[in-house]
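Participant: Starting off with a structure, shown below.
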Amino acid sequence: MCGIVGYVGPRPALPVLLSGLARLEYRGYDSAGVAVLEGGRVLACKREGRLSRLEAELAPYLEAAGSAAPGACVPGGTAERDGSRARVGIGHTRWATHGVPSDENAHPHADCHGRFWVVHNGIIENYRELRAELQAQGHVFRSETDTEVVPHLIESLYRGDLAAAVAEAVRRLRGSYALAVMSPLHPGTLVAVRQESPLVVGLGRGENFLASDVPALLEFTRDTYILDEGEMAVLSPHAVQVTDRGGRPVAKEVFRVTWDASMAQKGGYPHFMLKEIHEQPGALRQTLLPRLGEEGDVRAEEDGLDPAWLGRFRRVHLVACGTAYHAGLVGKYLLEGLARIPAEAELASEFRYRQPLVDRDTLVVVISQSGETADTRAALREARARGAGVLAIVNVVGSSIAREAERVLYTWAGPEIAVASTKAYSCQVAVLTLLALHLGRLRGTLPAEESRRLGRSLRALPALVEEALAGAGRVAEVAGQVAGHEDVFFIGRGLDYAVAQEAQLKLKEISYIHAEAYAAGELKHGTLALIVPDTPVVALVTQPALREKTMSNVEEVRARGGRVYLFAPASLASGAAGVEVLTLPEVDPWLAPLVAVVPMQLLAYYAAVARGCDVDKPRNLAKSVTVE
Ligand code: G6P
Numbered sequence: 021m022c023g024i025v026g027y028v029g030p031r032p033a034l035p036v037l038l039s040g041l042a043r044l045e046y047r048g049y050d051s052a053g054v055a056v057l058e059g060g061r062v063l064a065c066k067r068e069g070r071l072s073r074l075e076a077e078l079a080p081y082l083e084a085a086g087s088a089a090p091g092a093c094v095p096g097g098t099a100e101r102d103g104s105r106a107r108v109g110i111g112h113t114r115w116a117t118h119g120v121p122s123d124e125n126a127h128p129h130a131d132c133h134g135r136f137w138v139v140h141n142g143i144i145e146n147y148r149e150l151r152a153e154l155q156a157q158g159h160v161f162r163s164e165t166d167t168e169v170v171p172h173l174i175e176s177l178y179r180g181d182l183a184a185a186v187a188e189a190v191r192r193l194r195g196s197y198a199l200a201v202m203s204p205l206h207p208g209t210l211v212a213v214r215q216e217s218p219l220v221v222g223l224g225r226g227e228n229f230l231a232s233d234v235p236a237l238l239e240f241t242r243d244t245y246i247l248d249e250g251e252m253a254v255l256s257p258h259a260v261q262v263t264d265r266g267g268r269p270v271a272k273e274v275f276r277v278t279w280d281a282s283m284a285q286k287g288g289y290p291h292f293m294l295k296e297i298h299e300q301p302g303a304l305r306q307t308l309l310p311r312l313g314e315e316g317d318v319r320a321e322e323d324g325l326d327p328a329w330l331g332r333f334r335r336v337h338l339v340a341c342g343t344a345y346h347a348g349l350v351g352k353y354l355l356e357g358l359a360r361i362p363a364e365a366e367l368a369s370e371f372r373y374r375q376p377l378v379d380r381d382t383l384v385v386v387i388s389q390s391g392e393t394a395d396t397r398a399a400l401r402e403a404r405a406r407g408a409g410v411l412a413i414v415n416v417v418g419s420s421i422a423r424e425a426e427r428v429l430y431t432w433a434g435p436e437i438a439v440a441s442t443k444a445y446s447c448q449v450a451v452l453t454l455l456a457l458h459l460g461r462l463r464g465t466l467p468a469e470e471s472r473r474l475g476r477s478l479r480a481l482p483a484l485v486e487e488a489l490a491g492a493g494r495v496a497e498v499a500g501q502v503a504g505h506e507d508v509f510f511i512g513r514g515l516d517y518a519v520a521q522e523a524q525l526k527l528k529e530i531s532y533i534h535a536e537a538y539a540a541g542e543l544k545h546g547t548l549a550l551i552v553p554d555t556p557v558v559a560l561v562t563q564p565a566l567r568e569k570t571m572s573n574v575e576e577v578r579a580r581g582g583r584v585y586l587f588a589p590a591s592l593a594s595g596a597a598g599v600e601v602l603t604l605p606e607v608d609p610w611l612a613p614l615v616a617v618v619p620m621q622l623l624a625y626y627a628a629v630a631r632g633c634d635v636d637k638p639r640n641l642a643k644s645v646t647v648e
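Position one of the sequence shown corresponds to residue 21 (my numbering), numbered consecutively onward.
Now the structure itself:
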């Protein structure tokens, strides 16, 4: 998501931080900031927009500080007191989650008296409670971010030991975080701690570095400590002490980075798409956990989904383009099945021109990763003009669609760089599942216990996605077989049909293989004519109630010599003969799309790789389509 850099040592800190941040630009961000210690005083600068804006602002200091090259090292002496020769600093590129992109919301954030400076990646789930508590104690907040609770919390707990105050503060935090903390009371020290958000310490000689991602370090060092969950590191120029959650020292092994810079940007993955596929468990945690209580209750009111507003709607239209539209298709099944409310999924480019019959009683859910897609935006306006309620499911905070909708549910997937959408889709489906559960409770169609049971299953879902990812090797083998064909069919019923549609789009857009999704029962009304010996047909079977029916359709394919790849949990695959079975984790049928889509994405990915395609930038396609 966001990017963190930190430095402590003899070099001027500013150029080191800015060069590190530049290496993290590929991750996507909307604002940037730094704080450095200048002879006991803090110089902080934060700007919305590109890093170049921040650099322009800091130009006089940078000029005085010189470059970040080792030659620019100024070992102690008078330079120590020179304002331009800061020796400790933290920097950040922000991808907005809580609060719009702005100078105020950019990191670092500080406590009331500028004594504790913090940069943060991740989401503090209980920030509302903490903020209220700290405000009651008299703390004054300057931003809308979840992050700002951290410096104030440290301020309230500080008794002279920075690391102890940070350790105590993080015990109060729920959620995911990578934090770097700097204080003018402790010059020459940086404290870093992580929980579900990566942090890497870079080891130098007489200097140490910190980063959320390896590329930021490569200019300076290849020797690193990769911090594990709950670990805290205290960095000074000559030492790095790592402790575990209980405060016990940890003897870290040095991990030497052998990747080159471009591989490092991709976290060691050969393509962004594969990296983003593997980021799904984390992205789902970020999106789901802040909205689910331990017992599985959906907390939707914090997102503005109050009963007074939601209660007025009699039907739902889910409107989007591309992959987001396919998430909408899943949403249709979930909303109708769980909340028993009529729901239609529709392409934004069609919706906007067909004089849609929507009114005050209609909830239009617009879904968009970028929040800028022209057709989706136009559909949103059309819906609002007709008096419908508009809820946006968007990944980019502060995007046009987020600003123009009445209510917004953010997917906290982090920046998605590959053109073919993967983690954004999963997070869209996750949010739609929460919406269906919430609406089901509100409308009384879903008993409280059933809703909580599904909520608890949702909490456990990221681990099932991890399990699905572990099957990548087998999927790659199948992809190798599929890659030699020019036509592939995907079949399924119900939710599996919705996932099949996303599966065919993925395969088509990155491998250029012609692919079609068919409702399994519809096969015999046309597409069966295209099945000849060896035609690959991917069958999805995750819905127990529909298993027998889909298996009959699988038989129809087999009878024509088609080659069937069956993706199903073991409980539903048992007894299937004459097909290749790829086993999915056992999952609640309502949540199955989130698991089943993973091998579909991997199948498309490995088929595209086998065909030598440009996976991250497929021909003729763009990530954000802002024209009709
Ligand atoms: C483009 C992208 C797709 C994406 C679609 C909708 O076509 O290539 O991956 O699904 O736009 O984009 P959005 O940002 O609105 O989700």
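C-beta atoms are modelled at their ideal positions from N, C-alpha and C, and glycine is treated no differently.
For T603, report the span of its alpha helix (DSSP H) as first-last.
Facilitator: Unbroken run through T603 is the beta strand (DSSP E), E600 to L604; no alpha helix (DSSP H).
Participant: Give the straight-line distance between the Cα atoms of F240 and W279, rounded to the nearest whole angstrom.
Facilitator: 14 angstroms
Participant: Counting only the same chain and skipping the five closest in sequence on each side, list residues whose C-beta sits under 6 angstroms from that of F161.
Facilitator: E168
Participant: Counting pairs of Cβ atoms below 8 angstroms between the region 396-410 and the region 251-266, do you hit three or more?
Facilitator: no
Participant: Which residue wins for smallest C-alpha separation from I144, given the options T117, T603, E58 and H159?
Facilitator: If we check each option's Cα against that of I144, T117 comes out closest.
Participant: In terms of DSSP beta bridges, what is K66 paired with?
Facilitator: G53
Participant: Mapping DSSP to helix, strand and coil, what is A492?
Facilitator: helix
Participant: Are the CB atoms of E606 and S591 within a distance shorter than 8 angstroms?
Facilitator: yes
Participant: Helix, strand or coil: how does DSSP classify E216 here?
Facilitator: strand
Participant: In angstroms, rounded to a whole number, what distance separates the CA positions of A89 and R276?
Facilitator: Summary for A89: the model assigns pLDDT 44, below 50, so the residue's position carries little reliability, and this model does not support an answer.
Participant: Is the distance from the Cβ of A236 to the Cβ of G40 below 8 angstroms?
Facilitator: yes
Participant: For the ligand G6P, is there a heavy atom less than 7 angstroms away from the beta-carbon of S655?
Facilitator: No answer is possible for residue 655: it lies beyond the span of the chain, which begins at 21 and ends at 648.
Participant: For my contact list, A187 and P218 are in at a C-beta cut-off of 8 angstroms; report their separation, rounded to the angstrom.
Facilitator: Their Cβ separation, rounded to whole angstroms, is 19 angstroms, which puts A187 and P218 out of contact at 8 angstroms.
Participant: Among the candidates A340, P619, N146 and A399, whose CA atom is the shortest distance from the CA of Q20?
Facilitator: Because residue 20 is not part of the residues shown, which for the chain are 21 to 648, the question remains open.
Participant: When you compare only the Cα positions, how much space is there between P435 and G48?
Facilitator: 6 angstroms
Participant: For R311, count neighbouring Cβ atoms within 10 angstroms of its own Cβ and tell me buried if that reaches 16, exposed if not.
Facilitator: buried
Participant: Who are the Cβ neighbours of V629 in its own chain at under 7 angstroms, not counting the five residues just before and after it?
Facilitator: V635
Participant: Below 7 angstroms, is the gap between the Cβ of S644 and the nearest heavy atom of the ligand COA?
Facilitator: Ligands present in the displayed structure are limited to the ligand G6P, and the ligand COA is not among them.
Participant: Does the region 365-380 come close enough to the region 391-403 to have 3 or more Cβ pairs within less than 8 angstroms?
Facilitator: Cβ pair count under 8 angstroms is three or more, so yes.
Participant: First and last residue of the beta strand (DSSP E) that includes Q261?
Facilitator: A259 to T263
Participant: Taking Cβ positions, are V339 and A368 nearer each other than 8 angstroms?
Facilitator: yes
Participant: Relative to the C-alpha of R73, which candidate in S122, P171 and E486 has its C-alpha closest?
Facilitator: Of the candidates S122, P171 and E486, the one whose C-alpha sits nearest the C-alpha of R73 is S122.
Participant: Can you say whether E58 is buried or exposed, counting buried as having 16 or more other CB atoms within 10 angstroms of its CB?
Facilitator: Per the 10 Å Cβ criterion, buried.
Participant: Assuming contact is defined by CB atoms lying nearer than 8 angstroms, are P609 and T562 in contact in what I supplied?
Facilitator: yes
Participant: When burial is assigned at 16 or more other CB atoms within 10 Å of the CB, is L377 buried or exposed?
Facilitator: exposed
Participant: Taking Cβ to Cβ, would you say W137 is nearer than 8 angstroms to C22?
Facilitator: 8 angstroms or more divides the Cβ of W137 from the Cβ of C22.
Participant: Would you call R305 buried or exposed, if buried means 16 or more other Cβ atoms sit within 10 Å of its Cβ?
Facilitator: buried
Participant: Taking 6 angstroms as the limit between beta carbons, can you name the residues of its chain near E402, skipping five residues before and five after?
Facilitator: R372
Participant: Roughly how many angstroms lie between the CA atoms of G598 and D554, to the nearest whole one?
Facilitator: So the alpha carbons of these two residues sit roughly 13 angstroms apart.
Participant: Run the CB neighbour count on V28, radius 10 Å, all protein chains shown included, and call it buried at 16 or more, exposed below.
Facilitator: buried
Participant: Does the beta carbon of T244 fall short of 7 angstroms from some heavy atom of the ligand G6P?
Facilitator: no
Participant: Can you give me the C-alpha to C-alpha distance between W329 and R476, rounded to a whole angstrom?
Facilitator: Per the coordinates, the alpha-carbon of W329 lies some 26 angstroms from the alpha-carbon of R476.
Participant: Give me the Cα-Cα distance between F229 and I421, rounded to the nearest whole angstrom.
Facilitator: Taking the Cα positions, F229 is about 38 angstroms away from I421.
Participant: Can you have a look at D50 and say buried or exposed, based on whether 16 or more other CB atoms are within 10 angstroms of its CB?
Facilitator: D50 is buried by the Cβ-count criterion.
Participant: Pull up the distance between the alpha-carbon of E273 and that of Y245, whole angstroms please.
Facilitator: Near 7 angstroms, if we compare the C-alpha coordinates of Y245 and E273.
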